[in-house]
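Position one of the sequence shown corresponds to residue 323 (our numbering), numbered consecutively onward.
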Amino acid sequence: MESDPSSSSGSGPPDDDRGQLDRMGSLLEAGAIPAFRLETDGTICHLTDALLDLTGYDRDELLGSSFSSLAPDDGPAIESVAAERSSPSTVSCSMRTEAGSSIECDLHVERFERTHGESRLVGIVERRATASGSPDESDLTYGKTFRALADAVPDGIIVLDTDSNIQYANPAVERILGYTPGELVGSSKVRIIPQRLREAHLEALARYLETGERNLNWTYVELPGHHKSGYEVPLGVSLNDFVYDGSRYFVGLFRDITARKETEQALREKVAQLESIASLGRHALEAGTIDDILEQTAKLVDAALDIDRCAVLEYRSDREDRFDLRAAVTDTDGEDDTSAVDTLVAVAAGTVDAAGPIVVEDVLNDARIDDRSGSDDSVQSAAALPIGSPAEPWGILAIGRWETHRVADHDVDFLESVATILATGIERQRYERRLNETLDKYETSNEQLEQFAYAASHDLQEPLRMISSYLQLLERQYADELDEDAEEFIEYAVDGAERMKAMIDGLLEYSRIDTQGDPFEPVDLEAVVDDVLADLTVLIEQHDAEITTESLPTVRGDPRQLRQLFQNLFSNAIQYSGDDPPRIDVCASRANGMWEIAVRDDGIGIDAADPAAVFGMFERLHGHETHDGTGIGLALCRRIVDRHGGTITVDSDPGEGSVFRFTVPPDDVSAS
323 MESDPSSSSG
333 SGPPDDDRGQ
343 LDRMGSLLEA
353 GAIPAFRLET
363 DGTICHLTDA
373 LLDLTGYDRD
383 ELLGSSFSSL
393 APDDGPAIES
403 VAAERSSPST
413 VSCSMRTEAG
423 SSIECDLHVE
433 RFERTHGESR
443 LVGIVERRAT
453 ASGSPDESDL
463 TYGKTFRALA
473 DAVPDGIIVL
483 DTDSNIQYAN
493 PAVERILGYT
503 PGELVGSSKV
513 RIIPQRLREA
523 HLEALARYLE
533 TGERNLNWTY
543 VELPGHHKSG
553 YEVPLGVSLN
563 DFVYDGSRYF
573 VGLFRDITAR
583 KETEQALREK
593 VAQLESIASL
603 GRHALEAGTI
613 DDILEQTAKL
623 VDAALDIDRC
633 AVLEYRSDRE
643 DRFDLRAAVT
653 DTDGEDDTSA
663 VDTLVAVAAG
673 TVDAAGPIVV
683 EDVLNDARID
693 DRSGSDDSVQ
703 SAAALPIGSP
713 AEPWGILAIG
723 RWETHRVADH
733 DVDFLESVAT
743 ILATGIERQR
753 YERRLNETLD
763 KYETSNEQLE
773 QFAYAASHDL
783 QEPLRMISSY
793 LQLLERQYAD
803 ELDEDAEEFI
813 EYAVDGAERM
823 KAMIDGLLEY
833 SRIDTQGDPF
843 EPVDLEAVVD
853 DVLADLTVLI
863 EQHDAEITTE
873 SLPTVRGDPR
883 QLRQLFQNLF
893 SNAIQYSGDD
903 PPRIDVCASR
913 ANGMWEIAVR
923 DDGIGIDAAD
933 PAAVFGMFER
943 LHGHETHDGT
953 GIGLALCRRI
963 VDRHGGTITV
973 DSDPGEGSVF
983 RFTVPPDDVS
993 AS
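1) Mapping DSSP to helix, strand and coil, what is residue 881?
2) Could you pull out every residue in the same chain whose Cβ sits closer than 7 Å to the Cβ of residue 877, ignoring the five residues on either side in sequence?
3) Identify, in the order they occur along the chain, each residue of the same chain with its Cβ nearer than 7 Å to the Cβ of residue 739, setting aside the five sequence neighbours on each side.
4) Taking residue 864 as part of the alpha helix (DSSP H), name the residues at either end of that continuous run.
5) Locate the alpha helix (DSSP H) running through residue 382, then write down its first and last residues.
6) With a threshold of 7 Å on Cβ separation, who are the neighbours of residue 592 within its own chain once the five nearest residues in sequence on each side are excluded?
7) Determine the extent of the alpha helix (DSSP H) in which residue 590 is found, giving its start and end residues.
8) Please report the distance separating the alpha-carbon of residue 921 from that of residue 982.
9) Looking at the secondary structure, which residues open and close the alpha helix (DSSP H) in which residue 525 lies?
10) According to the Cβ coordinates, are residue 892 and residue 869 closer than 8 Å?
11) Could you work out which residue in 969, 890, 863, 888 is closest to residue 914 when comparing CA atoms only?
12) Let's see if you can read the secondary structure: which residues bound the beta strand (DSSP E) around residue 677?
13) Please name the residue in 618, 678, 879, 629 whose C-alpha comes closest to that of residue 649.
14) In three-state terms, what does DSSP make of residue 992?
15) Three or more C-beta pairs closer than 8 Å, one from the region 627-642 and one from the region 750-770: is that the case here?
16) Please classify residue 702: does DSSP put it in a helix, a strand, or coil?
17) Checking the sheet assignment: what are the DSSP bridge partners for residue 917?
18) Helix, strand or coil for residue 892, going by three-state DSSP, please let me know.
19) Does the beta-carbon of residue 860 have 16 or more other beta-carbons within 10 angstroms, so that it is buried, or is it exposed?
20) For residue 580, I'd like the list of residues in its chain whose CB is within less than 8 Å of its CB, leaving aside the five on either flank, ordered along the chain.
21) Am I right that residue 978 and residue 900 are in contact with their C-beta atoms under 8 Å? What's the rounded C-beta distance?
22) What did DSSP end up calling residue 542 once you bin it into helix, strand or coil?
23) Report the three-state DSSP secondary structure of residue 726 (helix, strand or coil).
24) Please classify residue 703 as buried or exposed, where buried requires at least 16 other C-beta atoms within 10 Å of its C-beta.
25) So, with DSSP's three-state summary, where would you put residue 737?
26) To the nearest angstrom, how far is the alpha carbon of residue 602 from that of residue 595?
27) Would you list the one or two residues that DSSP bridges to residue 492?
28) Are at least three pairs of beta-carbons, each pair with one atom in the region 630-639 and one in the region 661-668, less than 8 Å apart?
29) Under 8 Å Cβ to Cβ from residue 881, same chain only, skipping five residues before and after it: list those, please.
30) Please classify residue 788 as buried or exposed, where buried requires at least 16 neighbouring CB atoms within 10 angstroms.
31) May I have the straight-line CA-CA distance separating residue 735 from residue 553, to the nearest angstrom?
32) Classify residue 652: buried if its beta carbon has 16 or more other beta carbons within 10 angstroms, exposed otherwise.
33) With DSSP run on the structure shown, which of helix, strand or coil describes residue 977?
34) Roughly how many angstroms separate the alpha carbons of residue 373 and residue 420, rounded to a whole number?
35) Please state if the CB of residue 690 and the CB of residue 717 are separated by a distance shorter than 8 Å.
36) Start and end of the beta strand (DSSP E) containing residue 354?
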């Protein structure tokens, strides 16, 4: 029964020692076979009911006693016989009954080694023939019972001699391998071994008989068997050998494990499909183009399923020719497979018409396929699923095989998952393309706007300077001739020109935030604030302002722009302080990987339905009569913060002051 280990498809877990002995005991008990189990010192630890019936003893009389209480002293101790032999042993003895009579028996004994170094002796009692040479009635009953037991076992049982000739086969063998017991008994065991393994089996058997070397785990091994119809059957096999009447035999117990193997294979395929889905999901997020995603999808599906053709078709509802082949994998080795493509297109059309997946077992005879090629050389079975909404799909994912075949439900589930990822990836690519186009337009428009603002502001400065200069000259030259109204008019004109110049300067500064900013570098905000306070010394003293700062961090940014940011916020807080001296506090905290700077004042506050509106260009919340300003300062602040990758907000209530908060990156994070 030995075969080359390489022929094994794997080994299942062997039975545990106690479980093996218990199952053997149950089998012997069910077969009404006289049998016993001994400790290594010969103490009886188990007896079958059949042995008690044969000897007439009660179970309690024998359990725990020595086996010698059943056998006379004229023969060797059974435990010593089994200990001296590595293989099953047969011992002849006279067994004493409770009534005092003797029964001539052959004891078939085998030692079972346990994992922890312990062992048990298992023996079967077989009555020998009577003096007349024929078995008595109890012997005939025992033989019939054993055969009935073997015939009832659902697993296959065969017994071989040392020449690999089959001496016995039970009826279950026919159900498993197709051969009747009559066809097998007397023939060689190689008949039920696949051709590719027969030579290795005979070599392994010869080696075992010569050296005792086993190449397989006899407790349990998985081997293929040869079915009468010519195909291989996966078997789970247990092996053993025994000696009877001086001859050695091998017994094999085996069962068909096809269902388990199919389940294992389906599980492996499912795991592989899940890995493929995860791989495709990652690729869909990283792929540069839709074509990359489609090509990867076709390759992945072809590798995951047992198919001959995979195609990704784009659906064009606005054309008579409704499908474009976008990606495909085929096994035609470069040969023309136009017919296969045409067939898959026909199946795809059926999918669109059905507004959902379809599985076609026989393309030529499926009424759902209208434009099939009709060629026996084309795809004969297929499945197709919509990519995107079934009602309005982007396209179709289709697979095909050269022979008729029904796609398994779990494979359809896999294809649906792939189609979902594909649709998501395609939509993502579309969205990114639209986003990039919008950004390109925005950047172009923004650049043009900045160029216009810069040019317009620059060109406006000179005529504005001339207007202001001539007005001032007019005031000086004709001061004695101007009445009070004229002087007031000239004053208004000069003031307007100066405010216009301030707005132009602000607009120029705004347009330069992105185009003429300095490279980012580590910036100590405490040093920046100190510089700003020095620049605003006169303004601070005029308003008796008090500005306090907590510990401020080092950030990464444009030093000049950050200085302007603080200057604008401080100037605003002082300008809109109301009647009381302004009090301004600056603090910092970490938030979401950025530094958040808060500038708090106790001024007049902001009365606005939308506080974010204060950061708009030329946005003024107070008139010129009460507060000066161009409406550009806070817009500049937002532009500077935007360039640093942060945000700026304001919390304010009228009469309660304001808190401006902005975020900037820490000095260990680079910004562009």
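Ideal placement from N, C-alpha and C gives every residue a C-beta, glycine not left out.
Just so we're clear, the structure is a prediction, and the values are computed from it rather than from any experiment.
Taking the coordinates as given:
1) helix
2) 845, 847, 917, 986, 987, 988, 989
3) 599
4) 859-865
5) 381-384
6) 732
7) 580-608
8) 5 Å
9) 517-533
10) yes
11) 969
12) Where residue 677 is concerned, there is no enclosing beta strand (DSSP E), given that its DSSP letter is neither H nor E.
13) 618
14) For residue 992, the predicted model reports a pLDDT of 47, less than 50, meaning its position is unreliable; a value from the coordinates is still stated below. Coil.
15) no
16) coil
17) 912, 986
18) helix
19) exposed
20) 555, 556
21) Not quite, the Cβ-Cβ distance comes to about 11 Å (not below 8 Å), so this is no contact.
22) coil
23) coil
24) buried
25) helix
26) 10 Å
27) Partner(s): none; residue 492 has no beta bridge.
28) yes
29) 840, 843, 845, 850
30) exposed
31) 31 Å
32) buried
33) coil
34) 12 Å
35) no
36) From DSSP, residue 354 is part of no beta strand (DSSP E); its letter is neither H nor E.
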